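Asker:
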Amino acid sequence: MKENLKILIADDSELMRLVMRGFFIKYLINPQIKQTTNLEETFNLLSAEKFDLLLLDINMPNGDSSPNTVFMIKKDHPDLKIVMFTGNDKKTLEAEYTAAGAIGFIQKDEHMNKVTKEFIDTKL
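If you use the UniProt record's numbering, the sequence shown corresponds to residues 1 to 124, in order.
#1: Decide if ASP11 is buried, meaning its Cβ has at least 16 other Cβ atoms within 10 Å, or exposed.
#2: If we call anything under 9 Å between Cβ atoms a contact, is ILE73 one with LEU53?
#3: Going along the chain, which residues of its own chain have a beta-carbon closer than 6 Å to the beta-carbon of GLN35, five neighbours each way excluded?
#4: Between LYS114 and SER47, what straight-line distance do the alpha-carbon atoms span, to the nearest angstrom?
#5: DSSP three-state label for ASP121, please.
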């Protein structure tokens with residue numbers, strides 16, 4: 001397991017940010033976690049700091065995160081791992097986002113704990 005990963009959680013829901021922060025703290029060694037609540041803040045922080053992982057909500061204020069958003073972020077930050085995090089249907093959207101450069105897709109539902117743990121164990 002990697003240590004000291006620098007993670008950015010971009011989600012407008014305070015509850016979801018707290019939950020995901022808790023997962024990362026529980027399953028990773030000494031993660032450095034920052035949070036944003038909209039795309040503008042996310043782009044500003046990505047411009048100012050280097051991160052290892054971006055957990056990116058699809059539906060947020062100041063613009064939704066489209067596959068093009070992922071493509072643009074990857075263009076500027078090719079080493080950044082992006083994981084989509086959404087209440088939207090994974091089956092409908094996952095292929096578009098992974099084709100744009102996301103490495104994973106976590107759907108906000110009752111299986112979120114299991115999927116997040118598997119993701120941390122296999123992709124980080």
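The beta-carbon is built from N, C-alpha and C at its ideal position, and this holds for glycine as well. What you are looking at is a predicted structure, and each value in this text was computed from that prediction instead of being measured.
Answerer: In terms of the structure at hand:
#1: buried
#2: no
#3: ILE9 and ARG17
#4: 32 Å
#5: helix
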